[in-house]
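One structure is given below, encoded as structure tokens.
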Amino acid sequence: MRVLVVEDEATLRDSLQERLAAAGFTVDVARDGNEGLFAGLEYPLDVAIVDLGLPNLPGLEVIRRLRAARKTFPILILTARDNWQDKVEGLQAGADDYVAKPFHFEEVLARLQALLRRAGGWASPQLTC
Numbered sequence: 709m710r711v712l713v714v715e716d717e718a719t720l721r722d723s724l725q726e727r728l729a730a731a732g733f734t735v736d737v738a739r740d741g742n743e744g745l746f747a748g749l750e751y752p753l754d755v756a757i758v759d760l761g762l763p764n765l766p767g768l769e770v771i772r773r774l775r776a777a778r779k780t781f782p783i784l785i786l787t788a789r790d791n792w793q794d795k796v797e798g799l800q801a802g803a804d805d806y807v808a809k810p811f812h813f814e815e816v817l818a819r820l821q822a823l824l825r826r827a828g829g830w831a832s833p834q835l836t837c
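First residue of the sequence shown? That's 709 in this note's numbering, and the numbers climb one at a time after it.
Take a look at the structure:
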């Protein structure tokens with residue numbers, strides 16, 4: 709499964725990349741909204757994690773443009789914004805789930821797996837050979 713992580717905070721981006729790769733994902737990363745939009749439009753993704761507070765192009769705009777381009781892969785927002793209005797706005801922009809920082813990686817992983825199951829990406833939460 710190929711995941712895109714769009715996160716401007718280097719430490720968090722690197723940690724997510726490492727832990728998602730250890731969980732069996734192929735991970736692409738983007739440092740800002742423009743990179744994230746390009747990757748989302750050009751790469752064959754299964755799921756994306758998008759921060760809202762991105763430089764150059766806000767996360768909500770990235771999501772809106774991806775959905776306007778008919779990209780249907782699930783999108784999980786991972787952000788420090790935790791009020792209900794931001795959650796509603798993110799979901800209405802086209803995100804499929806929303807997790808506020810701080811977070812536990814295990815919750816994010818479980819939510820990604822659930823999104824992929826609903827999207828038809830994984831039939832089981834376990835990878836088997």
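Each residue gets a CB set at the ideal place from its N, CA and C atoms; glycine is no exception. All of these numbers come straight from a predicted model, not from anything done at the bench.
For residue i, collect the residues of the same chain with a Cβ closer than 7 Å to its Cβ; drop the 5 residues on either side in sequence, then sort them by chain order.
i	result
LYS795	TYR806
ARG826	none
Do residue i and residue j have their CB atoms nearer than 8 Å?
i	j	result
VAL755	LEU824	yes
LEU765	LEU784	no
With distances taken from CA atoms, which of the options is nearest residue i?
i	options	result
LEU753	ASP790, VAL714 and PHE813	VAL714
PHE813	THR780, ARG721, GLY828 and MET709	ARG721
GLY767	ASP736, ASP740 and MET709	ASP740
LEU817	GLU717, TYR751 and SER723	SER723
LYS779	GLU726, PHE733 and ALA803	ALA803
ILE771	GLU743, PHE733 and GLY828	GLU743
If you follow the beta strand (DSSP E) that residue i is in, where does it begin and where does it stop?
i	result
ASP736	734 to 738
ARG710	710 to 714
Which residue marks the beginning of the alpha helix (DSSP H) containing residue i, and which one marks its end?
i	result
ASP722	718 to 730
Legend entry - Every unbroken beta strand (DSSP E) within the segment 746 to 783, with a cutoff of 3 residues, ordered by chain: 755 to 758
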